[in-house]
Amino acid sequence: MTAVLTKSSAHSIVEASPRAKIVAGGLVILYAVITILPLLWIVATAFKSQSDAIAYPPKVIFEPTLEGYVNLFTVRTRQTPDFIAKLPPPETWYDKLVRQRDMVIAGPSKVVPRFVNSLIIGFGSTFLAVFLGTLAAYAFSRFRIPLADDLLFFILSTRMMPPVAVAIPIYLMYRQLNLTDTRLGMILLYTAVNVSLAVWLLKGFIDEIPREYEEAALVDGYTRLQALRKVVLPQAVTGIAATAIFCLIFSWNEYAFAVLLTSGEAQTMPPFIPFIIGEGGQDWPAVAAATTLFVIPIVLFTVLLRKHLLRGITFGAVRK
Amino acid sequence: MAQIRIENLRKSFDQFTAVEGSNFTIDDGVFFALLGPSGCGKTTTLRMIAGLELPTDGKIMLNGEDVTFRRAAARDIAFVFQLFALYPHMNVAENIGFPLKCQGMAKRQIRECVQETARLLRIEHLLSSKTSKLSGGDRQRVALGRAMVRRPKAFLMDEPLGALDAEFRHLMCGELRDLHDRIGATTVYVTHDQLEAMSMADQIAVMNKGCVEQIGSPQEVYDRPASMFVADFIGSPPMNFLRFESGLRAGDRAVAFHSVSVEVPEIREDRASAPLALGIRPEHIRFADAAPVRGEVFGAEYLGTTQIVTVDTAHGRVAARLPSSASVRIGETVGLEFNSERLALFDVGSGLAIRTANEGSARRG
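Going down the list, the sequences are from chains A and B.
Residue 1 is where the first sequence starts when you use this note's numbering, and the numbers rise one by one after that.
Residue 1001 is where the second sequence starts when you use this note's numbering, and the numbers rise one by one after that.
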């Protein structure tokens, strides 16, 4: 935070006074705390016991346990104490933990396949949307396309109503095509929703790259595609990164279509998490554990690309 | 090295015709300038020669070979862009070596060629720098280096000095011409700056509204403009036009300019009475008390060795270039005497020059 502050003060006309800096720093920290607190609470809840999780007033200090994670990853059955006493001694720490609650592990839960689904569908559709978006944006930016403006408007118009508004036609269509509850179906759907955004964002970025660069490459011996790959793409990388993050965030978080179109095989994390039920209702520590795991990839992706993201979002604004 | 031939080259975008029916030949080793105001089709012509734009019609021959629809990369020409187009993600050496890399040359060989080119351009000390850190002139040299490194058949340059400041442009003009003399490659140079074209080119093609108005050496284009457009576009201040109406007869050595007879170079064609214009370069006007064409001095612009004096006559305003020692008072009435051997005559309707003894060898493309 402080690094950002000193950097921005270098651009301002008057050096900020120390007091203004302290106030500004305080505000930023306060805002950070407010936004990060719910996340921290979820991370903490994942380490609470069932009773601590629903205690009122909420417990800030508690005895951490891995029960939430164990419950998330396993399916358990309740047994009588006599039955448990007769079993051979527990082999692992999580066996032991479960038996303390008079239960035995019956098998793994579905969280891992659901998580894998989320990864494949999220990253798959992001890749496709950015790939198609880059090609389309390049074409719109560089070639004389008949009706280019109308086509671009049409592409944008697919984003003008909330995608869920067409959920039922899509459901019927998918049923006809046997695409319901398939990863391919979900990848295609999210790609279709994201590609319009990708085309528009990327067209802006590619428009900013002078076409002389690739023309120079064309004269110097590259084909059009080579010039695109070796000359245009390296310069569009900030825009591509920013676009990829937007696309990933959408498809990663998407809930409505996932509920409607997936139930088993291709179910992603968002519809899975709310239905983690323990004994006596919602298993909040397990839900919190699932949420924590769910947030990690997107945080990692954003952190990895954050340099590009910051430059990408402010691109047109600061360059000229 | 190459001869470039353009035959009936035409390019239109939808309704708009950028280039219409150009014909010219650029001989091997010639420094050829395409000169004209913005939007005259000079850049489009250059881009068609390069293969960056496909012509609607016509032919482009490179050394007698038809390359009209050949890919840019397959023409073995180099292009220098106005904004240099140095790849920002590569350093100077990588930029210069890029065309060789495209051809798949071995790394060691590329390094040698890059070194040699850099030596020629005196930018060896910059090879490992980032292009974004370079000054305008050094960027220009790197762009030239990238064009030169693979010894292309021809250089195509699109206003390569346009982005430099005036002082530096002058220096680079000299360097470019010097470089051309050393390498001897055919060069096509697009510019809207007549001084650049005049000072560097062996031949100039003046373009207007998609047409080549005249092709010739800088002297020809200046002294014997083929049209009123060329006469007006070249020279600063431009040629003066004094309009009148008269018929012409081949062999005449004077025209009836209003009520006055003005001596001109021998006329070579017959013409019915039509609106005409007498073209006079400012330096071919002298003040002479006895001269029949008279006017009132409107203003004087001091330029060091000469001064430009504007005179209001009954037939329009005329600029004269006089020695700065001549004393001129604003408001005084003066007589204008023309250097009759250097006068030009134009048909106002078509804008074309009328053939006279002076205008003999000028061509129109």
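Glycine residues also receive a C-beta, built at the ideal position from the N, C-alpha and C atoms.
Whole-angstrom distance between residue j and residue i, CA atom to CA atom
i	j	result
Arg-211 of chain A	Tyr-1087 of chain B	11 Å
Asp-207 of chain A	Thr-126 of chain A	22 Å
Pro-81 of chain A	Val-299 of chain A	43 Å
Pro-38 of chain A	Pro-108 of chain A	29 Å
Leu-304 of chain A	Leu-119 of chain A	17 Å
Ile-1096 of chain B	Gln-1115 of chain B	9 Å
Val-1080 of chain B	Gly-1184 of chain B	17 Å
Ala-53 of chain A	Ala-148 of chain A	56 Å
Ile-273 of chain A	Ala-290 of chain A	6 Å
Ala-1147 of chain B	Pro-1099 of chain B	8 Å
Phe-1168 of chain B	Met-1157 of chain B	17 Å
Gly-1299 of chain B	Glu-1283 of chain B	16 Å
Tyr-1222 of chain B	Asp-1252 of chain B	24 Å
Leu-309 of chain A	Ala-241 of chain A	6 Å
Ile-1234 of chain B	Asp-1076 of chain B	33 Å
His-1089 of chain B	Pro-234 of chain A	7 Å
Thr-1117 of chain B	Ala-1093 of chain B	10 Å
Met-103 of chain A	Phe-294 of chain A	27 Å
Arg-1363 of chain B	Asp-1178 of chain B	Low confidence applies here, because Arg-1363 of chain B scores a pLDDT of 43, under 50, leaving its location unreliable and the question unanswered by this model.
Check whether residue i and residue j have beta carbons under 8 Å apart
i	j	result
Phe-1069 of chain B	Leu-1054 of chain B	yes
Thr-238 of chain A	Ile-42 of chain A	no
Ala-1277 of chain B	Val-1348 of chain B	yes
Ala-288 of chain A	Gly-25 of chain A	no
Thr-1310 of chain B	Arg-1321 of chain B	no
Ala-1050 of chain B	Ala-1201 of chain B	no
Asn-1208 of chain B	Cys-1040 of chain B	yes
Gly-1351 of chain B	Ser-1227 of chain B	yes
Val-1188 of chain B	Leu-1046 of chain B	yes
Leu-97 of chain A	Val-75 of chain A	no
Ala-258 of chain A	Pro-270 of chain A	yes
Ser-1038 of chain B	His-1192 of chain B	yes
Pro-1218 of chain B	Met-1198 of chain B	yes
Phe-1031 of chain B	His-1180 of chain B	yes
Ala-1072 of chain B	Val-166 of chain A	no
Chain-ordered neighbours of residue i on chain B, where CB pairs are closer than 7 Å
i	result
Gln-267 of chain A	The contacting residues do not exist; Gln-267 of chain A stays about 42 Å from chain B at best.
Val-231 of chain A	Tyr-1087
8 Å Cβ cut-off: residues of chain A touching residue i
i	result
Ala-1085 of chain B	Pro-210, Glu-212, Tyr-213, Glu-215, Ala-216
Gln-1103 of chain B	Gly-221
Ile-1077 of chain B	Val-219
Close-in-space but distant-in-sequence residues of the same chain around residue i (CB under 7 Å, 5 per side omitted)
i	result
Val-1260 of chain B	Pro-1292, Val-1293
Asp-1027 of chain B	Gln-1003
Gly-988 of chain B	Since the first residue of chain B shown is 1001 and the last is 1365, residue 988 of chain B is not available in this structure.
Thr-243 of chain A	Val-130, Gly-133, Ala-198, Leu-201, Leu-202
Met-1172 of chain B	Gly-1137, Gln-1140, Leu-1161, Leu-1164
Leu-1121 of chain B	Arg-1141, Leu-1144, Gly-1145
Lys-320 of chain A	Caution is warranted here: a pLDDT of 34 is assigned to Lys-320 of chain A, below 50, making its placement in the model unreliable, and no coordinate value can be reported.
Pro-1275 of chain B	Arg-1243, Glu-1245, Val-1348, Gly-1349
Tyr-174 of chain A	Thr-180, Gly-185, Leu-261
Cβ shell of residue i (< 6 Å), same chain only, five flanking positions each side left out
i	result
Gly-1058 of chain B	Glu-1007, Asn-1008, Leu-1009, Arg-1010
Tyr-213 of chain A	Val-231
Val-193 of chain A	Pro-163
Arg-229 of chain A	none
Lys-1042 of chain B	Leu-1034, Gly-1036, Val-1190, Met-1207
Glu-265 of chain A	Asp-181
Ile-277 of chain A	none
Gly-1365 of chain B	Reliability of the predicted coordinates at Gly-1365 of chain B is poor, the pLDDT of 39 falling under 50, and the value obtained from them is presented with this limitation in mind. Taken in chain order, the residues that qualify are Asn-1023, Phe-1024, Val-1212, Ile-1215.
Neighbourhood of residue i by C-beta distance below 8 Å, restricted to the same chain and skipping five residues each side
i	result
Glu-1269 of chain B	Leu-1248, Ala-1250, Ile-1354, Arg-1355
Thr-1017 of chain B	Arg-1010, Lys-1011, Gly-1210
Residue(s) in a DSSP beta bridge with residue i
i	result
Gly-278 of chain A	A:Gly-281
Cys-1209 of chain B	Note that residue 1209 of chain B is Lys in the sequence shown, not Cys. According to DSSP, which records beta bridges pairwise, Lys-1209 of chain B is partnered with nothing at all.
Tyr-1302 of chain B	B:Gln-1307
Val-237 of chain A	Looking at the DSSP assignment, Val-237 of chain A forms no beta bridge with any residue, so it has no partner.
Phe-1079 of chain B	B:Leu-1156
Thr-77 of chain A	A:Val-104
Asp-1057 of chain B	B:Arg-1010
Under 9 Å from the C-beta of residue i: neighbouring residues of chain B
i	result
Gln-235 of chain A	Tyr-1087, Pro-1088, His-1089
Beta-carbon neighbours of residue i, restricted to chain A and to distances below 7 Å
i	result
Pro-1099 of chain B	Asp-220, Gly-221
Leu-1046 of chain B	Simply none; closest approach about 11 Å.
Ala-1072 of chain B	Leu-218, Val-219
Leu-1062 of chain B	What Leu-1062 of chain B touches in chain A: nothing, since even the nearest Cβ is about 14 Å away.
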